[in-house]
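A.B. asks: For the sequence shown, position 168 (counting from the first letter as 1) is numbered 168 according to the UniProt record's numbering, and the numbering increases by one without interruption.
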Amino acid sequence: MVPVGRRIGELRGEVVGHLGARRRIRQWIAIGFVLGLLIGAGVAAGAAALYWPEKDKPLKMMMREGEIPVKAAPVLSGQTTFTAQGLTCGIEWITGTHAEHFAKGRLCRVKVSVANNSLATVQVANLEQRLILADGTQLGMDLESMEIKRQLREFTLGASDTLVEDLWFDLPKDATPTALLLRTNPEAPQGRADLPRKDWSKK
């Protein structure tokens, strides 16, 4: 017959062992919970970086053949930021999917990124954009070139979205573009982006 004291000691050991096992299980559950939170936070941060990238930096695009970079400061018009990125002039004619178009003088293409800095959609009216020539003349866009190249006259830009587009102009043959005037719509302030000078008659 096992002494009572010894049996009590065995029972106490079993109880302590069970309590220790339960404590370890709870510890592992707690560790797993914390790891789950950390992994979830990392996934959420990655998703946020993917779907909500920094919008205060203009998109870096490769220059196309004959295109030169524009280093003008971004233009803020209301809640929209315009950044002129590339300039190509001296173009005599262009082709599209179903048509070709010959310039009255020479065509000029300006690549621009448009970023919506707000949490609401914004209406952008490209018909407001103007190209300034060396003599001070302001030109509106060449609508036929815009249509052939499938560029929009106006569009809705989503919250925190950025769009890169081409603005087309038809210049007198010997005219030199000096700047671009940009604005979101007729109610928004207008800003100026200076363009690089180049003799576009030389290929």
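All C-beta atoms, glycine included, are put in the ideal place defined by N, C-alpha and C.
Should Leu119 be labelled buried (16 or more other beta-carbon atoms within 10 Å of its own) or exposed?
C.D. replies: What you label residue 119 is simply residue 119 of the sequence shown in a count that begins at 1. When all chains shown are included, Leu119 counts as exposed.
A.B. asks: Counting pairs of Cβ atoms below 8 Å between the segment 78–87 and the segment 100–115, do you hit three or more?
C.D. replies: With the cut-off at 8 Å, the segment 78–87 and the segment 100–115 touch.
A.B. asks: Within 10 angstroms of the Cβ of Thr184, are there 16 or more other Cβ atoms? Answer buried if so, exposed if not.
C.D. replies: Sequence index remark: in the sequence shown, residue 184 carries index 184 (1-based). With 16 or more Cβ atoms within 10 Å of its Cβ, Thr184 is classed as buried.
A.B. asks: In three-state terms, what does DSSP make of Glu154?
C.D. replies: As a position in the sequence shown, residue 154 is number 154, starting the count at 1. Note: Glu154 maps to strand in three-state DSSP.
A.B. asks: With a threshold of 16 other CB atoms inside 10 Å of the CB of Val43, please say whether the residue is buried or exposed.
C.D. replies: Here residue 43 refers to the residue found at position 43 of the sequence shown. Residue confidence for Val43 is low, a pLDDT of 49 falling below 50, so the modelled location carries little weight; the figure read from the coordinates is stated next. Label assigned to Val43: exposed.
A.B. asks: Return the first residue and the last residue of the beta strand (DSSP E) that Glu100 is part of.
C.D. replies: As a first step, residue 100 is located in the sequence shown; it is residue number 100 there, counting from the start. Glu100 to Asn116 is the extent of the beta strand (DSSP E) around Glu100.
A.B. asks: Just the C-alpha distance for Leu131 and Pro69, rounded to the nearest angstrom, thanks.
C.D. replies: The sequence position of residue 131 within the sequence shown is 131, counting from 1. The sequence position of residue 69 within the sequence shown is 69, counting from 1. Computed Cα separation, rounded: 17 Å.
A.B. asks: Starting from residue 254, trace the alpha helix (DSSP H) in both directions and tell me its first and last residue.
C.D. replies: The requested residue 254 does not occur in the structure, where the chain is confined to residues 1 to 203.
A.B. asks: Nearest by alpha-carbon distance to Pro177: which of Ile148, Glu128, Val75 and Gly136 is it?
C.D. replies: Position 177 of the sequence shown holds residue 177. Closest by alpha carbon: Gly136.
A.B. asks: Do Val124 and Glu92 have their C-beta atoms closer together than 8 Å?
C.D. replies: Position 124 of the sequence shown, counted from the start, is the residue given in the question as residue 124. Position 92 of the sequence shown, counted from the start, is the residue given in the question as residue 92. No. Outside cutoff.
A.B. asks: If you draw a straight line from the alpha carbon of Leu195 to that of Ala179, how long is it in whole angstroms?
C.D. replies: Counting from 1 along the sequence shown, the entry for residue 195 is found at position 195. Counting from 1 along the sequence shown, the entry for residue 179 is found at position 179. Roughly 5 Å separates the two Cα atoms.
A.B. asks: Using 8 Å as the threshold, is the C-beta distance between Gln151 and Ser77 below it?
C.D. replies: Position 151 of the sequence shown, counted from the first residue, corresponds to residue 151. Position 77 of the sequence shown, counted from the first residue, corresponds to residue 77. Not in contact: Gln151 and Ser77 (Cβ atoms no closer than 8 Å).
A.B. asks: Report the partner residues of Ala193 according to the DSSP bridge assignment.
C.D. replies: The residue given as residue 193 occupies position 193 in the sequence shown. Note: Ala193 sits in a beta bridge opposite Leu180.
A.B. asks: Report back the beta-carbon spacing between Leu107 and Asp142 to the nearest angstrom; my notes put them in contact at under 8 Å.
C.D. replies: Start at 1 with the first residue of the sequence shown, and residue 107 comes out as number 107. Start at 1 with the first residue of the sequence shown, and residue 142 comes out as number 142. Confirmed, Cβ separation roughly 7 Å.
A.B. asks: Do Ser145 and His98 have their CB atoms nearer than 8 Å?
C.D. replies: Start at 1 with the first residue of the sequence shown, and residue 145 comes out as number 145. Start at 1 with the first residue of the sequence shown, and residue 98 comes out as number 98. No, the pair does not count as a contact, with Cβ atoms beyond the cut-off.
A.B. asks: Just to confirm my understanding: we take Asp170, look at its own chain, exclude 5 residues before and 5 after, and list those with CB closer than 8 Å. What are they?
C.D. replies: Residue numbering aside, residue 170 sits at position 170 when the sequence shown is read from its first letter. Counting only Cβ-Cβ distances below 8 Å, and skipping sequence neighbours, we find Ala103, Lys104, Gly105, Arg106, Leu107, Cys108, Leu139, Asp142 and Ser145.
A.B. asks: Apart from the five residues on each side of it in sequence, which residues of its chain come closer than 6 Å, Cβ to Cβ, to Ala175?
C.D. replies: Taking the sequence shown and counting its residues from 1, one reaches residue 175 at position 175. Closer than 6 Å at Cβ, skipping near neighbours: Leu133.
A.B. asks: Under a three-way DSSP split, which group does Glu128 fall into?
C.D. replies: Your numbering for residue 128 matches position 128 in the sequence shown. Here Glu128 sits in helix by DSSP.
A.B. asks: Give me the Cα-Cα distance between Glu128 and Leu167, rounded to the nearest whole angstrom.
C.D. replies: As a first step, residue 128 is located in the sequence shown; it is residue number 128 there, counting from the start. As a first step, residue 167 is located in the sequence shown; it is residue number 167 there, counting from the start. Going by the C-alpha atoms only, they are around 11 Å apart.
A.B. asks: Using C-beta distances below 6 Å, list every residue in its chain close to Met62, excluding the 5 sequence neighbours before and after it, in chain order.
C.D. replies: Against the sequence shown, residue 62 aligns to sequence position 62. Hits under 6 Å: none found.
A.B. asks: For Ala188, collect the residues of the same chain with a Cβ closer than 6 Å to its Cβ; drop the 5 residues on either side in sequence, then sort them by chain order.
C.D. replies: The residue given as residue 188 occupies position 188 in the sequence shown. Cβ within range, chain order: Ser77 and Gly78.
A.B. asks: Opposite Ile94 in the DSSP bridges: which residues?
C.D. replies: The residue given as residue 94 occupies position 94 in the sequence shown. Note: Ile94 sits in a beta bridge opposite His101.
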